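Novice: Heads up: the sequence shown is residues 1 to 637, going by UniProt numbering.
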Amino acid sequence: MGNKIKLTTAQALVKFLNQQYIYIDGEEFPFVEGVFSIFGHGNVLGIGQALEQDSGHLKLFQGKNEQGMAHAAIAYSKQKLRRKIYAVTTSVGPGSANLVAAAGTALVNNIPVLFLPGDTFATRHPDPVLQQVEHEHSAAITTNDALQPVSRYWDRVTRPEQLMSSLIRAFEVMTDPGKAGPATICISQDVEGEAYDYDEPFFAKRVHYLDRETPVVRELTGAAELIKASKKPVIIVGGGAKYSGAREVLMDLSEKHNIPLVETQAGKATVESAFKNNLGGIGVTGTLSANKAAKQADLIIGLGTRYTDFATSSKTAFDFDSTKFLNINVSRMQTYKLDAFQVVADAKVTLEQIATLLEGYTTEFGEAISDLKEEWLTERNRLANITFKRDGFTPEVQEHFSQEVLNEYADRLESEFAQTTALLTINETIAPDSNVVTSAGSLPGDMQRIWNSGKPNTYNVEYGYSCMGYEISGALGVKLADPKSEVYSFVGDGSFLMLHSELITALQYNQKINILLFDNSGFGCINNLQMGNGSKSFLTEFRTNDNKVLNVDYAKVAEGYGAKVYRANTVDELKAALKDAEKQEVSTLIEIKVLPKTMTEGYESWWNVGVAEVSENENVQKAYKEITKMRKKAKQY
1 MGNKIKLTTA QALVKFLNQQ YIYIDGEEFP FVEGVFSIFG HGNVLGIGQA
51 LEQDSGHLKL FQGKNEQGMA HAAIAYSKQK LRRKIYAVTT SVGPGSANLV
101 AAAGTALVNN IPVLFLPGDT FATRHPDPVL QQVEHEHSAA ITTNDALQPV
151 SRYWDRVTRP EQLMSSLIRA FEVMTDPGKA GPATICISQD VEGEAYDYDE
201 PFFAKRVHYL DRETPVVREL TGAAELIKAS KKPVIIVGGG AKYSGAREVL
251 MDLSEKHNIP LVETQAGKAT VESAFKNNLG GIGVTGTLSA NKAAKQADLI
301 IGLGTRYTDF ATSSKTAFDF DSTKFLNINV SRMQTYKLDA FQVVADAKVT
351 LEQIATLLEG YTTEFGEAIS DLKEEWLTER NRLANITFKR DGFTPEVQEH
401 FSQEVLNEYA DRLESEFAQT TALLTINETI APDSNVVTSA GSLPGDMQRI
451 WNSGKPNTYN VEYGYSCMGY EISGALGVKL ADPKSEVYSF VGDGSFLMLH
501 SELITALQYN QKINILLFDN SGFGCINNLQ MGNGSKSFLT EFRTNDNKVL
551 NVDYAKVAEG YGAKVYRANT VDELKAALKD AEKQEVSTLI EIKVLPKTMT
601 EGYESWWNVG VAEVSENENV QKAYKEITKM RKKAKQY
């Protein structure tokens, strides 16, 4: 039977993690970089003891909030193009429950991460233990069952020997580009400390091969025929294109055949913004140029995209009567969307092989691509120079707030700064190789539209789940993945209040991040959605009981943690703060007071949302009629 080695389940887990390697394109390296942990009952005496005894090469970080440290792990894997991961361990009960939002974030975005929440006793001897939920119909249910629908793979280990098959299955899932996502292994807390004679070969070096899936002849022939038959094809660059490393072949194909590129949030910065055929973001948060090109297209080539409602403008972005679809994706499920011709293969390999079949082909776009790009750059320049006027701040501002209310915000926040002006000032000031991170609120929309990515893979925006709280935690993960570059977290005041605990972790471990806090005293994005569909402003502004706009000194909060802080409410103040922050060795926070309604709006796009069918408000009634009309135009499958 071979040699045995006696270890606790937790010790066996740690030993196994140290021996997992990944191989891609001729390069081999460890797959698990380290472990984020918050110890509590259920993991401190098991996994905690094992890590203390011998953590091997694993880097260890003490998190401050389970969701926060999990988001850091997710951002790390995303920045590493899904080729390296951190494991995350928590206590039982509320500790593991705090992983649910993060697990959903990883699942939606197809990001591999290993979750190791503690669980209740396998023996049930002390049942119920502290923090254990109870159900009358089953004693087998624990808090960790809440993680099942948000995990790509989920298992509960109630015997030491179960760990072996569970780990092998989890790593198979995490290292498969077509299934990549979070793997959750819940280990009963008594079992973590239980010893077992493991087979020594189980701990041998194990290499997981990321072989690029190649298209079959039928797929290649069909794809090439569709492209050559089209007059105005448009390529949607999704996250799969970035993870595949398809930048060079994508640019070559686009330039040689004059095919415009448009980007999803996940695909942005696969190709830098300056590339002549890159028209920017598509859909609800897209640019004018990209959305105009999509409406002209007779063929949409979806490259590693899952066609979210934001990318497709709720399935109204294209002329479905005349437009065909070609989907290239490692996930077979994704290729079936929008009734497309399906190519189930790696994006980079597929484009390389298709390129050999397109000799002599060019589109009929002609100079239209450069014209569309120039039109957008003119609009972008306008957005960079918005100024506040007390006697009439409209045409740049949504018309839902009265001038009186806007003046009130300017007085209370002691600022007349427009959000778009602030954003573009930052874009022009920081180094092109800086990494930017955001997730929720109005900032991701502004970023997809007007942020120019100067270098590839410098745009880490989580917009699949758009999870509030990712912004600062994610910045820590990106810094761990790319320690030589400056990392900037773009966060609204709403998201900052939701979760900023990993700023402490960044300070604790001297992992410098820069937080750009945009404070408009409210949930501005949702206030826009509310008022844009006929409702009055209701519980989305931050106001006191006597109806005064809140003015919170967020810089003082960060200063108390030990960060270097700045307050910048003008272009000059912001430039000076950014230049000084870059020189610092400690994490920084720049508080920027911006006026509401000064973010970008949609460009020839539409979002299908649930407007009330019955209302006493005439504006809501009008909004419902408009929604109903647009729903009839949208594709239904």
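A virtual CB, placed ideally from N, CA and C, is assigned to each residue, including glycine. Keep in mind that this is a model prediction, so the values were computed, not measured.
1. Can you list the alpha helix (DSSP H) stretches of 4 or more residues lying completely in the stretch 396 to 468, in chain order?
2. Counting beta carbon pairs with one atom in the stretch 118 to 128 and one in the stretch 139 to 158, are three or more of them shorter than 8 angstroms?
3. Taking just the CA atoms, how far does N407 sit from A577?
4. Going straight from the alpha carbon of R567 to that of L60, what length do you get?
5. Taking only three categories from DSSP, how would you classify I111?
6. Where DSSP assigns a beta bridge to V88, which residues make up the other side?
7. Cα-Cα, which of A563, K536, W607 and Y554 is closest to E616?
8. Within the same chain, show all residues whose beta-carbon is closer than 8 angstroms to that of H57, passing over the 5 residues directly before and after it, in chain order.
9. In terms of DSSP beta bridges, what is I590 paired with?
10. Of the residues G534, P128 and T90, which one's Cα is nearest the Cα of L114?
11. May I ask you to report which of helix, strand or coil DSSP gives Q62?
12. Are N258 and T363 close, meaning C-beta to C-beta below 7 angstroms?
13. Count the other CB atoms, across all protein chains shown, that sit within 10 Å of the CB of V207; report buried if there are 16 or more and exposed otherwise.
14. What is the C-beta distance between L167 and F16, in whole angstroms, given that I count them as a contact (C-beta under 8 angstroms)?
15. Answer yes if the stretch 222 to 237 comes into contact with the stretch 66 to 84, meaning at least three C-beta pairs across the two stretches below 8 angstroms, and no otherwise.
16. What would DSSP say about K4, mapped onto helix, strand or coil?
17. DSSP three-state call for T143: helix, strand or coil?
18. Please check the pair G524 and S442, which I expect to be a contact at CB under 8 angstroms, by giving their CB distance rounded to whole angstroms.
19. What are the uninterrupted segments assigned as beta strand (DSSP E) that are 3 or more residues long and contained completely in the stretch 236 to 283, given in chain order?
20. What residue range is occupied by the uninterrupted alpha helix (DSSP H) comprising I627?
21. With 16 as the cutoff for other CB atoms within 10 Å, does K4 come out buried or exposed?
22. By DSSP, does F202 sit in helix, in strand, or in coil?
23. Whose C-alpha, out of G46, P260, L163 and L210, is nearest the C-alpha of Y198?
24. Nearest CA to the CA of L250: which residue from Q265, K228 and K276?
25. From E213 to A87, what distance separates their C-alpha atoms?
26. With a CB to CB cut of under 6 angstroms and the five nearest residues on each side skipped, what residues in its chain are close to S273?
27. Is A170 closer than 7 angstroms to residue 642 when the C-beta atoms are compared?
28. For I592, which option in T628, A555 and Q621 has the closest C-alpha, if you only look at C-alpha atoms?
29. Spell out the partners DSSP gives C186 in its beta bridges.
30. Taking the straight line between their C-alpha atoms, what separation do you get for A384 and L424?
31. Would you please state the rounded distance, in angstroms, between the beta carbons of L279 and L261? I believe it to be under 8 angstroms.
Specialist: Straight from the coordinates:
1. Taking only runs of at least 4 residues, the alpha helix (DSSP H) segments lying wholly in the stretch 396 to 468 are 403 to 413, 419 to 429 and 443 to 450.
2. For the pair of segments examined, the stretch 139 to 158 was found to touch the stretch 118 to 128: the number of CB pairs separated by less than 8 angstroms reaches three.
3. Looking up residue 577 in the sequence shown gives position 577. Looking up residue 407 in the sequence shown gives position 407. Roughly 26 angstroms between the two C-alpha positions.
4. Indexing the sequence shown from 1 puts residue 567 at position 567. Indexing the sequence shown from 1 puts residue 60 at position 60. Taking the straight line joining both Cα atoms gives about 34 angstroms.
5. As a first step, residue 111 is located in the sequence shown; it is residue number 111 there, counting from the start. I111 carries a coil assignment under DSSP once its states are collapsed to helix, strand and coil.
6. Indexing the sequence shown from 1 puts residue 88 at position 88. When DSSP reads this structure, V88 sits in a beta bridge with F36 and F115.
7. Counting from 1 along the sequence shown, the entry for residue 616 is found at position 616. Of the candidates A563, K536, W607 and Y554, the residue whose Cα lies closest to the Cα of E616 is K536.
8. Here residue 57 corresponds to residue number 57 of the sequence shown, with the count starting at 1. Closer than 8 angstroms at the Cβ level, and outside the excluded window around H57, lie N18 and P30.
9. Stepping through the sequence shown from its first residue, residue 590 is reached at position 590. In the DSSP assignment, the residues bridged to I590 are L516 and Y566.
10. Translated into the one-based positions of the sequence shown, residue 114 becomes position 114. Among G534, P128 and T90, the Cα nearest to that of L114 is on T90.
11. On the sequence shown, position 62 is the one that residue 62 refers to. Three-state result, Q62: strand.
12. To locate residue 258, count along the sequence shown from 1; it is residue 258. To locate residue 363, count along the sequence shown from 1; it is residue 363. With contacts defined by Cβ atoms closer than 7 angstroms, N258 and T363 form a contacting pair.
13. The count along the sequence shown starts at 1 and reaches residue 207 at position 207. So V207 counts as exposed.
14. Residue mapping note: residue 167 aligns to position 167 of the sequence shown, counting from 1. Residue mapping note: residue 16 aligns to position 16 of the sequence shown, counting from 1. With 8 angstroms as the limit, L167 and F16 qualify as a contact, their Cβ atoms being about 6 angstroms apart.
15. No, they do not touch.
16. As a first step, residue 4 is located in the sequence shown; it is residue number 4 there, counting from the start. DSSP places K4 within a strand segment (E or B) once states are collapsed to three.
17. In the sequence shown, residue 143 corresponds to position 143, counting from 1. Helix, per DSSP.
18. Counting from 1 along the sequence shown, the entry for residue 524 is found at position 524. Counting from 1 along the sequence shown, the entry for residue 442 is found at position 442. That belief holds up - the Cβ atoms of G524 and S442 are roughly 5 angstroms apart, short of 8 angstroms.
19. Correct list: 261 to 263 and 278 to 281.
20. Residue numbering aside, residue 627 sits at position 627 when the sequence shown is read from its first letter. Taken as a continuous stretch (DSSP letters only), the alpha helix (DSSP H) holding I627 covers E618 to K633.
21. Taking the first residue of the sequence shown as position 1, residue 4 is located at position 4. Result: exposed.
22. Working through the sequence shown from its first residue, we reach residue 202 at position 202. Correct three-state label for F202: helix.
23. Locating residue 198 in the sequence shown gives position 198, where the first residue counts as 1. Closest by alpha carbon: L163.
24. Residue 250 sits at position 250 when you count from the first residue of the sequence shown. Cα-wise, what sits closest to L250 is K276.
25. Here residue 213 refers to the residue found at position 213 of the sequence shown. Here residue 87 refers to the residue found at position 87 of the sequence shown. Each residue's alpha carbon lies about 27 angstroms from the other.
26. Position 273 of the sequence shown holds residue 273. Excluding positions up to five away in sequence, the list reads N452 and S453.
27. Within the shown structure, residues of the chain are numbered from 1 to 637, placing residue 642 beyond reach of any answer.
28. Taking the sequence shown and counting its residues from 1, one reaches residue 592 at position 592. Closest by alpha carbon: A555.
29. On the sequence shown, position 186 is the one that residue 186 refers to. Beta-bridge pairing links C186 to R156.
30. By 1-based counting over the sequence shown, the position of residue 384 is 384. By 1-based counting over the sequence shown, the position of residue 424 is 424. Their Cα atoms are separated by approximately 6 angstroms.
31. For the purposes of this step, residue 279 is taken as residue 279 along the sequence shown, with counting starting at 1. For the purposes of this step, residue 261 is taken as residue 261 along the sequence shown, with counting starting at 1. At roughly 7 angstroms, the Cβ-Cβ gap stays under 8 angstroms, so L279 and L261 are in contact.
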